[in-house]
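Q:
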Amino acid sequence: MQEIKGKKGGLKPSDLKGEITDTSRDGVLVFNQIGEFLKTKNLSEEKRDLMLASFKEISKDPQRDKETSLDKAISMLLEKDSSITKQIFTFLYEFVHKPINESDNTGHLDIMGELYSEFLKYALGDGKELGIVLTPPYVTKMMSELLGVNAKSFVMDLAAGSAGFLISSMVLMIEDIEKTYGKNTTIANEKIKAMKTTQLLGVELNAEMFSLATTNMILRGDGSSLIIKGNTFETSKKIYEDFKPNILLLNPPFSYEENGMPFIKFGLEHMQKGALGAIIIQDSAGSGQALKSNVEILKKHSLLASIKMPTDLFMPQAGVQTSVYIFKAHEPHDYEKPVKFIDFRNDGFKRTKRGLNETSNPTKRYEEIIKIYKAGLNAKVSKELWGALETIYIEDFIAKPRENKHAKDFNFEAHQKNDTKPELKDFKRTIADYLSYEVGLILKNQTPPK
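This is the structure:
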């Protein structure tokens with residue numbers, strides 16, 4: 453599919469002939485094409501070998517390369533029975549690769565990346581078997597916008613997963629560059645190329661996720677130069693001294709100690725003064741489960757905001773309540789300054805096993821939550837969507853050192869004023885949130901705490 457330097461074109465459906473030898477099976481040909489394609493990229497041999505080890509699954513199953521009846525989605529494109537490998541390849545080639553390549557739409561890199569992301573996520577179980585839950589793209593976009601990512605940003609993700617945060621940041625950075633220098637101008641293209649190779653840093657320990665991240669970045673234009681395979685806490689300090697990150701975006705593994713707060717602590721310590729960091733994490737990290745890390749963070753850095761996210765955000769993979777915490781690096785927390793607390797449990801989506809359903813204009817809600825974060829009660833947003841902003845936006849002080857709740861009051865509920873009479877809709881929402889939480893535990897074979 454992808455073209456290789458020195459050859460007329462990439463692999464085509466007609467090249468997959470359904471042969472059954474170990475050297476010419478359809479899966480082997482696809483895998484070999486990937487190997488040749490990766491050789492044209494500026495990748496270390498170690499990185500290339502790690503990626504090929506993940507892609508090897510494509511060629512492992514000879515059964516998938518035997519001729520079988522055509523799926524109805526592909527029956528108009530092939531004349532006779534073909535292997536499952538060829539049918540999938542043909543579908544992608546005809547309906548994705550060709551239309552994109554034949555158009556002048558430079559946005560195709562995002563489409564191709566999403567395509568390959570989905571393909572690999574299905575192949576790898578979407579990270580569920582690895583104990584990893586990937587962040588939805590509309591959330592990575594929201595968090596990147598909350599931190600104001602632009603052309604001058606140096607963005608870091610220390611638990612990169614599929615590189616979702618880096619991709620969202622890349623899109624915003626490209627938009628900012630093109631706004632300044634024009635679209636498709638020589639200088640804009642040069643700036644974008646430089647940005648992709650020098651301003652996006654990701655670290656990922658898991659080999660499969662590392663391959664997914666690297667592939668995603670390559671398919672968006674060789675932005676894989678600074679994707680590192682390794683344990684974040686064992687990486688060299690020089691990496692961060694050279695990179696000089698000013699934006700940190702994180703969704704750490706839920707199973708890590710203190711729910712993953714050590715990742716944001718480590719990241720903030722390796723950032724520039726005044727840099728911004730955001731982490732989406734289980735609520736329990738902000739209510740006592742990550743006390744050690746939280747205390748240390750507040751000694752050196754500031755908590756700016758806490759945004760409570762939907763209970764079903766990661767369903768059906770994980771039923772946990774999460775919040776987004778935003779910090780400023782190397783400015784010890786000033787307990788005389790209020791923190792912003794925002795309730796975003798209603799993001800306009802309803803999530804089920806069958807997919808994502810829009811219930812209350814989620815696109816507009818995700819646009820306006822940025823305005824609410826920036827302007828608070830003065831935000832110019834839709835009253836129909838939000839009602840009285842006082843019910844979802846609070847500015848309050850967090851507990852000082854030596855106070856009982858110190859470093860345990862990072863969540864919206866800890867600052868919510870209960871001076872209004874609860875309505876039936878509040879009761880229903882609370883019950884729905886709890887049931888969603890319990891269902892999530894059952895799906896994970898866990899027992900609700902007593």
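So for the sequence shown, this note's numbering puts the first residue at 453; every next one is plus one.
Glycine included, each C-beta is placed from N, C-alpha and C at the ideal position.
1. Are the segment 678-689 and the segment 650-658 touching, with three or more C-beta to C-beta distances below 8 Å?
2. Buried or exposed: which applies to ILE821, given that a residue is buried once 16 or more other Cβ atoms fall within 10 Å of its Cβ?
3. Measuring only the C-alpha atoms, how far is ASP501 from SER511?
4. So, under 8 Å CB-CB, PRO714 and SER745 are touching, yes? Tell me the CB distance rounded to an integer number of Å.
5. LEU561 to THR537, Cα distance in whole Å?
6. Going by DSSP, what residue range makes up the beta strand (DSSP E) through THR804?
7. In whole angstroms, what is the alpha-carbon distance linking THR802 and ASN809?
8. Between which two residues does the alpha helix (DSSP H) holding ALA757 run?
9. GLY738 by DSSP, collapsed to three states: which one?
10. Does the Cβ-Cβ distance between TYR825 and TYR590 come in under 8 Å?
11. For the beta strand (DSSP E) that contains ASN904, what are its first and last residues?
12. Please state whether the Cβ-Cβ distance between GLU710 and ALA742 is less than 8 Å.
13. On a Cα-Cα basis, can you pick out the residue from ASP474, LYS823 and ALA781 that is closest to ILE699?
14. Quick check on DSSP: helix, strand or coil for GLY487?
15. Between the Cα of LYS852 and the Cα atoms of VAL747, ALA757 and LYS877, which residue gives the shortest distance?
16. Within its chain, find whatever has a CB closer than 7 Å to the CB of PHE541; leave out the 5 residues flanking it on each side and keep chain order.
17. Count the other CB atoms, across all protein chains shown, that sit within 10 Å of the CB of THR587; report buried if there are 16 or more and exposed otherwise.
18. Could you have a look at ALA603 and say whether DSSP puts it in helix, strand or coil?
19. Which residue spans inside the segment 639-713 form an unbroken alpha helix (DSSP H) run of at least 4?
20. Answer with buried or exposed for PHE879, where buried requires no fewer than 16 other C-beta atoms within 10 angstroms of its C-beta.
21. What residue range does the beta strand (DSSP E) around ILE472 cover?
22. Identify whether ASP795 lies in helix, strand or coil by the three-state DSSP scheme.
23. Any idea what DSSP makes of LEU561, helix, strand or coil?
24. Only counting the same chain, and skipping five residues up and downstream in sequence, which positions put a Cβ closer than 7 Å to that of LEU652?
A: Based on what the coordinates show:
1. yes
2. Taking the first residue of the sequence shown as 1, we reach residue 821 at position 369. Buried, because 16 or more other Cβ atoms sit within 10 Å of the Cβ of ILE821.
3. For the purposes of this step, residue 501 is taken as the residue at position 49 of the sequence shown. For the purposes of this step, residue 511 is taken as the residue at position 59 of the sequence shown. Approximately 15 Å between the Cα atoms of the pair.
4. As a first step, residue 714 must be located in the sequence shown, where it is residue number 262. As a first step, residue 745 must be located in the sequence shown, where it is residue number 293. 5 Å between Cβ atoms; contact.
5. On the sequence shown, residue 561 is found 109 positions in, with the first residue counted as 1. On the sequence shown, residue 537 is found 85 positions in, with the first residue counted as 1. Note that LEU561 has pLDDT 40, beneath the 50 cutoff, so the model's placement of it is unreliable and no number is given.
6. Position 352 of the sequence shown, counted from the first residue, corresponds to residue 804. 801-804 is the extent of the beta strand (DSSP E) around THR804.
7. Here residue 802 refers to the residue found at position 350 of the sequence shown. Here residue 809 refers to the residue found at position 357 of the sequence shown. Reading the sequence as shown, one finds Lys at residue 802 and not Thr. Going from the Cα of LYS802 to the Cα of ASN809 covers about 5 Å.
8. The sequence position of residue 757 within the sequence shown is 305, counting from 1. No alpha helix (DSSP H) contains ALA757, which is instead part of the beta strand (DSSP E) from 754-760.
9. Along the sequence shown, one-based indexing puts residue 738 at 286. Helix.
10. Reading the sequence shown from its first residue, position 373 is the one you call residue 825. Reading the sequence shown from its first residue, position 138 is the one you call residue 590. Taking 8 Å as the cut-off, the beta carbon of TYR825 is found no closer than this to the beta carbon of TYR590.
11. Because the chain spans 453 through 902 in this model, residue 904 falls outside it and cannot be assessed.
12. Taking the sequence shown and counting its residues from 1, one reaches residue 710 at position 258. Taking the sequence shown and counting its residues from 1, one reaches residue 742 at position 290. Their beta carbons are under 8 Å apart, which means GLU710 touches ALA742 by this criterion.
13. Here residue 699 is taken as the residue at index 247 of the sequence shown, counted from 1. Answer by Cα proximity: ALA781.
14. Here residue 487 corresponds to residue number 35 of the sequence shown, with the count starting at 1. Three-state DSSP puts GLY487 in a helix.
15. Against the sequence shown, residue 852 aligns to sequence position 400. Cα-wise, what sits closest to LYS852 is VAL747.
16. On the sequence shown, residue 541 is found 89 positions in, with the first residue counted as 1. Answer for PHE541: PRO465, LEU468 and VAL482, listed in chain order.
17. Taking the sequence shown and counting its residues from 1, one reaches residue 587 at position 135. Classification for THR587: buried.
18. Indexing the sequence shown from 1 puts residue 603 at position 151. Coil, per DSSP.
19. 659-670 and 689-695
20. As a position in the sequence shown, residue 879 is number 427, starting the count at 1. Looking at its Cβ environment, which holds fewer than 16 other Cβ atoms inside 10 Å, PHE879 is exposed.
21. Indexing the sequence shown from 1 puts residue 472 at position 20. Segment: none, ILE472 is in no beta strand (DSSP E) and carries neither H nor E.
22. Looking up residue 795 in the sequence shown gives position 343. Note: ASP795 maps to strand in three-state DSSP.
23. Locating residue 561 in the sequence shown gives position 109, counting from the first residue. Any reading at LEU561 needs caution, since the residue's pLDDT is 40, under 50, leaving its predicted position unreliable; the model's value is listed next. In this structure, LEU561 counts as helix in the three-state DSSP scheme.
24. In the sequence shown, counting from the first residue as 1, residue 652 sits at position 200. For LEU652, where only same-chain residues beyond five positions count, the Cβ hits under 7 Å are VAL607, LEU618, SER621, MET622, GLY675 and LEU678.
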